[in-house]
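Trainee: Got a structure here, written out as structure tokens. Questions coming.
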Amino acid sequence: MSEEKSNKKAIRKAVLLDADYITRKDRAVIRLIMKGKKMFQLYDGNFSPYFYLDGEFPDNFNDARMVGKEKVKKIVLGKEKEVWKIVARHPREVPELREAIKQFGETYEYDIPFAKRYLIDKDLFPFMELKYEREGKKLTRIISKTKKDSSLKDFNTLVFDIETYNPQGIPREKQDPILMIGYEENGSLPQKKKLMTSKKLPLDFIEHYEDEKSMLEGFTQKLKEKDIEILFGYNSSAFDLPYMRARADALKTNFLIGRDSSSFKIQNRGFYTVAKVNGRMHLDVYPIVRFFGIIGALKITSFTLENVYAEMSGKRKMNVEKMKIWELWDQKPEVLAKYCSADVMATSEIIKRFIPTIFALSKTVGLSLFDISSSTSSLLVETLLMREASKENMVSPNRPKGYDPTPIKGAYVKLPEPGVYENMIVFDFRGLYPSIICSHNVDPFTIDCEGEAFVSPLGHRFCKDKMGLVPKVLGKILELRAECKKKLKTLSRNSEEYEKINAMQQALKILANSFYGYLLYVNSRWYSRRCGESITAWGRYYISETAKKAEERGFKVLYIDTDSLFILLGDKKKEEALSFLDSINCELPGNMELEFEGFYPRGVFVSKKAEEKGAKKKYALLGEDGTIKIRGFELVRRDWARIAKDTQKSVLEIILKEGSKEKAVKLVKDVVERLRTGEVPMEELVIYSTLRKKPGNYDILSPELGAAQKAIARGKKIEKGTLIGYVVTKKGKSISEKAELLEFAQDYDSNYYINHQIIPAVMKILSELGYSEEDLKSWGKQQTLDLFS
DNA sequence: GCGAGCAGCGTACCT
DNA sequence: ACAGGTACGCTGCTCGCG
673 MSEEKSNKKA IRKAVLLDAD YITRKDRAVI RLIMKGKKMF QLYDGNFSPY
723 FYLDGEFPDN FNDARMVGKE KVKKIVLGKE KEVWKIVARH PREVPELREA
773 IKQFGETYEY DIPFAKRYLI DKDLFPFMEL KYEREGKKLT RIISKTKKDS
823 SLKDFNTLVF DIETYNPQGI PREKQDPILM IGYEENGSLP QKKKLMTSKK
873 LPLDFIEHYE DEKSMLEGFT QKLKEKDIEI LFGYNSSAFD LPYMRARADA
923 LKTNFLIGRD SSSFKIQNRG FYTVAKVNGR MHLDVYPIVR FFGIIGALKI
973 TSFTLENVYA EMSGKRKMNV EKMKIWELWD QKPEVLAKYC SADVMATSEI
1023 IKRFIPTIFA LSKTVGLSLF DISSSTSSLL VETLLMREAS KENMVSPNRP
1073 KGYDPTPIKG AYVKLPEPGV YENMIVFDFR GLYPSIICSH NVDPFTIDCE
1123 GEAFVSPLGH RFCKDKMGLV PKVLGKILEL RAECKKKLKT LSRNSEEYEK
1173 INAMQQALKI LANSFYGYLL YVNSRWYSRR CGESITAWGR YYISETAKKA
1223 EERGFKVLYI DTDSLFILLG DKKKEEALSF LDSINCELPG NMELEFEGFY
1273 PRGVFVSKKA EEKGAKKKYA LLGEDGTIKI RGFELVRRDW ARIAKDTQKS
1323 VLEIILKEGS KEKAVKLVKD VVERLRTGEV PMEELVIYST LRKKPGNYDI
1373 LSPELGAAQK AIARGKKIEK GTLIGYVVTK KGKSISEKAE LLEFAQDYDS
1423 NYYINHQIIP AVMKILSELG YSEEDLKSWG KQQTLDLFS
């Protein structure tokens, strides 16, 4: 039976992937990106843009851009009201029409993208399988929808990476050719790894092309032939794709990678620019990895492909000097080929790790994979809330116009007494803020109500009888996550099902943890200072109450930070601490729960620099299995030289595991000696720091800015956001004068590294083990070097 | 004109 | 372009002294 060109009504099934809209005869038509056996498009012309007005029109009001209006009953800012639903002629006219109408009252939901509006109104989510009726390419009716358990393996995927000639260091797209295109289809099957290039190389994965032009054309052809549905790259939106298109232009050919033989469009989305390809999903892994970094799910300091792969897998991938790629091509092209191939492999590994969570987020939130890939956590929460608001017949609130810039009072952090301790137990509240929100019905529209209420320590009242939208949505997320966790226990690790549910669980965790921040984010629709400050006030209340009760039970509370509690076991048994835990949990409201985090035979808290007081957020704990948990120390910071970090780490390990001050001092002495004799390689002396502003916008000349300025003078391109890796050299007075990028540094200032890096990093810890104040002072005043000679 | 002392800029970290 | 709490190095200013 032929499906083509049939104008008869037909019933079909296919999976929804994304939606956007096109304009036909001045009308906006929704375009659904679907996948049956193949990806295709379906059109729905029966949907119009609209927004709401809470106010009254003058009788004679007329506007050609307004094609309809009706009174509807809605819940607006928590109150039931009659408002006007105003239907616009075309989405692009909505802003203008709203301008014309806003004088008559408060307008709402005028800034929701049209396709997003469609998905929300129809309650459609990506990866739903739709059973629908169509006439040709027109969708006439959705008969049913079911959530589909799609994952990466259901798609034809291609991961790619290009290498370019760069005799000037940075490749120039008008003249420097693309040398190779490495790619891999459908996961990491070795036989699917290939490399397109114009040199004939004795490697089994080479696909030879006559020249650069035919290689580019071959790539486009490949996407078509293999019917690629998801195209992955690393930083491909900013580099690979634009470069390929520029080369195609220069070579007078096309770069039409879309299913409809279009090219791609660069979209600016907040932080990131992403390249949108029609009819295929292009997903740039770089912004995805950045997202995981920003929310703290991936704790790394640099987001280069090399570093992400190394940190994620613990393996090192083959690397080459970027500046010398052109030389490799000329002299050792097979090395370059292997490198390119290694980049593809690394990208592919990163995809395996992160894309399942992106799928889970997409299914849960209802944004397409492409949208999720450039999303922020606030957008995720907001989309969830808007969808639920729509179901509850609520109008989504507008973003706040003005706000109080003074921050609200946040978490409680207890000042620790510096010292080395034995036998500590750490408890923490499981999802403290999310559980407070749900257990106390914290919502911008349940606040300050009459009647029964949860009263926050600040006196804000959250009513008990009407559940707010925020706790309702968050509660569902928490419930779903609990179900996932339960199911995971019944599954064997490494199974496909486990992976999928684990990814879902991770996605739900990301979402749950984003609600508190969202409520205080100044551009959020549900912004509420009073909710935010109530949450932290409850947080402070519960953690300090718990500490108080621990003290009453005879435990010494060493340290508290936000939701975690460090207690000293003293002469008590572990069981006693655990029964204390139970007693706390009996009294906690709702889904709040204190958890046993761990037992630590030994731990160290240090004092603040140049002060007797303890330092907060800086400690090291030795676990029962011998692992050491380190927080806040210089050694976890990227703006300290590796030599200092490594030394500090060794000192910590010696102190915690062996308790030997002498051994630690000996080690420090050796390092100082190596520094003094110039044996330490430059790489261990690099200090990394980001220029968060434009180089010209600083009031103060910091070392990293000094290094950057000198590099700029030598023709390097350095802009806002660049990570500067510098070495402190001998030349100059101030540190900023001495600082040079690693690549330009000729020598290093051993005095600086000894007195400003090694000594401060280790003295803190050593001083907790018997170094007296006198020792400390004499270290500071005397020639530091003498002490070590 | 110069060094000591200090405030505040700036970054990265913790939960 | 999700929050607030915190440490701390460095710069560049003020101040006191000469």
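Residue numbers (the numbering used here): 673 to 1461.
Virtual Cβ for every residue (Gly too), placed ideally from N, Cα, C.
1. Assign residue 1224 to buried or exposed, taking buried as 16 or more other Cβ atoms, counted over all protein chains shown, within 10 Å of its Cβ.
2. Can you tell me which of the three DSSP states residue 1455 falls into?
3. Output yes or no for whether 8 Å exceeds the beta carbon distance between residue 1109 and residue 1146.
4. Do you know offhand how far residue 896's Cα is from residue 921's?
5. Does the pairing of the stretch 1390-1408 with the stretch 1275-1284 give three or more beta-carbon distances under 8 Å?
6. What is the rounded straight-line gap between the Cα of residue 1192 and the Cα of residue 1199?
7. Going by C-alpha to C-alpha distance, which of 1317, 1165, 1311 sits closest to residue 1302?
8. Once you ignore the five residues that flank residue 1456 on each side, which residues in its own chain have a CB closer than 8 Å to its CB?
9. Are the Cβ atoms of residue 1017 and residue 1241 separated by less than 8 Å?
10. CA-CA distance, residue 692 and residue 1274?
11. Can you round the beta-carbon distance between residue 726 and residue 807 to whole angstroms, since I take them to be within the 8 Å contact cut?
12. Could you check where the alpha helix (DSSP H) with residue 879 kicks off and where it finishes?
13. Quick one: using the 10 Å Cβ neighbour count with 16 as the cut-off for buried, is residue 912 buried or exposed?
14. Measure the Cβ-Cβ separation of residue 998 and residue 839 and say whether it is below 8 Å.
15. Does the distance from the CB of residue 700 to the CB of residue 735 come in under 8 Å?
16. So, under 8 Å CB-CB, residue 1026 and residue 955 are touching, yes? Tell me the CB distance rounded to an integer number of Å.
17. Buried or exposed: which applies to residue 1324, given that a residue is buried once 16 or more other Cβ atoms fall within 10 Å of its Cβ?
18. Is residue 805 closer than 8 Å to residue 681 when the C-beta atoms are compared?
19. What did DSSP end up calling residue 1147 once you bin it into helix, strand or coil?
20. So residue 1125 and residue 1136 are supposed to be a Cβ contact under 8 Å. How far apart are they, rounded?
21. Looking at C-beta atoms only, is the number of pairs between the stretch 1260-1268 and the stretch 1294-1301 that lie closer than 8 Å three or more?
22. Closest to residue 883 by CA distance: which of 1033, 1196, 925 is it?
23. If you draw a straight line from the alpha carbon of residue 1035 to that of residue 1023, how long is it in whole angstroms?
24. Helix, strand or coil for residue 841? Go by DSSP, reduced to three states.
25. Whole angstroms is fine: what's the gap from residue 1163's alpha carbon to residue 984's?
26. For residue 690, which residues from the same chain have a beta carbon less than 7 Å from its beta carbon, with the 5 sequence-adjacent residues on both sides left out?
27. What is the DSSP secondary structure of residue 918, counted as helix, strand or coil?
28. Within the stretch 748-835, note down every full alpha helix (DSSP H) run reaching 4 residues or more, in order along the chain.
29. To the nearest angstrom, how far is the alpha carbon of residue 729 from that of residue 737?
30. Would residue 1195 and residue 1348 qualify as a contact pair, given that the criterion is a beta-carbon distance under 8 Å?
31. If the criterion is Cβ atoms closer than 8 Å, does the pair residue 906 and residue 970 meet it?
32. Taking buried to mean at least 16 other C-beta atoms within 10 Å of its own C-beta, is residue 683 buried or exposed?
33. For residue 989, which residues in the same chain have their Cβ closer than 6 Å to its Cβ, ignoring the five residues on either side in sequence?
34. Rounded to whole angstroms, what is the Cα-Cα separation between residue 688 and residue 1412?
35. Run through the stretch 952-988 for me and flag every whole beta strand (DSSP E) of 3 or more residues, listed as ranges in chain order.
36. Exposed or buried, residue 1075, counting other C-beta atoms within 10 Å across all chains shown (16 or more means buried)?
Mentor: Per the coordinate set shown:
1. It counts as exposed.
2. Confidence at residue 1455 is low in this model, with a pLDDT of 38, below 50, so the placement of that residue should be treated as unreliable; the coordinate-derived value is given next. Under the three-state reduction of DSSP, residue 1455 is assigned to coil, being neither helix nor strand.
3. Closer than 8 Å, so yes.
4. Going from the Cα of residue 896 to the Cα of residue 921 covers about 20 Å.
5. As far as the Cβ criterion goes, the stretch 1390-1408 does not touch the stretch 1275-1284, which means the pair count is below three.
6. The alpha-carbon separation between residue 1192 and residue 1199 amounts to approximately 6 Å.
7. The option with the nearest alpha carbon to residue 1302 is 1317.
8. Since pLDDT at residue 1456 reaches only 41, below the 50 mark, its modelled position is unreliable, and no value is offered.
9. A distance of 8 Å or more separates the beta carbons of residue 1017 and residue 1241.
10. Approximately 57 Å, taken between the alpha carbons.
11. The C-beta distance from residue 726 to residue 807 rounds to 39 Å, too long to fall under 8 Å, and the pair is not in contact.
12. First-last for residue 879: 878-880, but that is the beta strand (DSSP E), not the alpha helix (DSSP H).
13. Residue 912 sits buried, since 16 or more C-beta atoms from the chains shown fall within 10 Å of its C-beta.
14. Yes. Within cutoff.
15. Taking 8 Å as the Cβ cut-off, residue 700 and residue 735 do not qualify as a contacting pair.
16. Not really, about 10 Å apart at Cβ, beyond 8 Å.
17. Per the 10 Å Cβ criterion, buried.
18. Result yes, Cβ atoms of residue 681 and residue 805 sit closer than 8 Å.
19. DSSP places residue 1147 in helix when its eight states are reduced to three.
20. So it is a contact: roughly 6 Å between Cβ atoms.
21. Cβ pair count under 8 Å is below three, so no.
22. The residue with the shortest Cα to Cα distance from residue 883 is 925.
23. Spanning the alpha carbons of residue 1035 and residue 1023 requires a straight line of approximately 18 Å.
24. Three-state DSSP puts residue 841 in coil, outside helix and strand.
25. Taking the straight line from one Cα to the other gives about 24 Å.
26. Take residue 690, set aside five residues on each side of it, and the residues of its chain with a beta-carbon closer than 7 Å to its own are 705, 798, 1040, 1042, in chain order.
27. Helix at residue 918.
28. Qualifying alpha helix (DSSP H) stretches, in chain order: 766-773, 786-793.
29. Residue 729 and residue 737: Cα-Cα distance of roughly 15 Å.
30. At a Cβ-Cβ threshold of 8 Å, residue 1195 and residue 1348 do not count as neighbours.
31. Not closer than 8 Å, so no.
32. Exposed, because fewer than 16 other Cβ atoms sit within 10 Å of the Cβ of residue 683.
33. Short of 6 Å from the beta carbon of residue 989, and not among the five residues preceding or following it, lie these beta carbons of its own chain, in chain order: 981, 1014, 1018.
34. CA-CA distance, residue 688 to residue 1412, rounds to 53 Å.
35. Assignment of beta strand (DSSP E) within the stretch 952-988, counting only whole runs of 3 or more residues, yields 953-956 in chain order.
36. It is exposed - the Cβ of residue 1075 has fewer than 16 other Cβ atoms within 10 Å.
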